[in-house]
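Data block below; observations after.
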Amino acid sequence: MFRLADMATKAEAAHQMMVKAARLKDAGQRNDLEAGMAKYLASEYCAEVVEDSFRIHGGYGYSKEYEIERLYREAPMLLIGEGTADIQRMIIGRRLLEDYKAR
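Basically my numbering = 1-based index in the sequence shown + 8.
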């Protein structure tokens, strides 16, 4: 039960960050910091949630009859596609230094 609560919380947090970045973009505002944070958090949480789901399914996680098999295979690509976590952290760090530089 706690694992499901953690998984749902991670999915909701990632979704809310993505919505914030999208709203800034729709408003014509700069959103590279928020987009980088959303990509970074969502990809990390995705890998964690898929791994937890895989554990819940046990041996069935390897069966192509269940969606978790495909997700477990594809989730690692989110960590390297669209910029690795390290690149996203670099983007986030640069923007934070830019925004909060000593004046």
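All C-beta atoms in this analysis are idealised placements derived from N, C-alpha and C, irrespective of residue type, glycine included.
Rounded straight-line distance, which links the Cα of residue j to that of residue i
| i | j | result |
| --- | --- | --- |
| I64 | V27 | 29 Å |
| L105 | G89 | 25 Å |
| K66 | A83 | The amino acid at residue 66 is misidentified as Lys; the sequence shows Gly. Each residue's Cα considered, the two are about 17 Å apart. |
| G36 | K18 | 28 Å |
| E42 | Q24 | 11 Å |
| R11 | R81 | 21 Å |
| Y108 | I100 | 12 Å |
| A30 | R78 | 28 Å |
| R38 | F62 | 37 Å |
Residue i burial status per 10 Å Cβ neighbour count (16 or more: buried)
| i | result |
| --- | --- |
| Q96 | buried |
| Y70 | exposed |
| M98 | exposed |
| M9 | exposed |
| A16 | exposed |
Cutoff 8 Å; reference residue i; Cβ partners in own chain excluding five residues on either side
| i | result |
| --- | --- |
| A93 | Y48, S51, E52, L87 |
| D14 | D60 |
| A21 | L49, Y53 |
| R103 | D40, L41, G44 |
| A55 | A83, P84, L86, L87 |
| A46 | A22, M25, M26, K28, A29 |
Residues near residue i in its chain [Cβ-Cβ closer than 7 Å; skip 5 each side]
| i | result |
| --- | --- |
| Y68 | Y74 |
| V57 | M15, K18, A19 |
| I76 | S61, F62, H65, G69 |
| K33 | N39 |
Contacting residues, own chain, Cβ-Cβ under 6 Å from residue i (five flanking each side not counted)
| i | result |
| --- | --- |
| K72 | none |
_Report the start-end ranges of each alpha helix (DSSP H) in the stretch 53-81 that is 4 residues or longer and not cut off at the edges._
none
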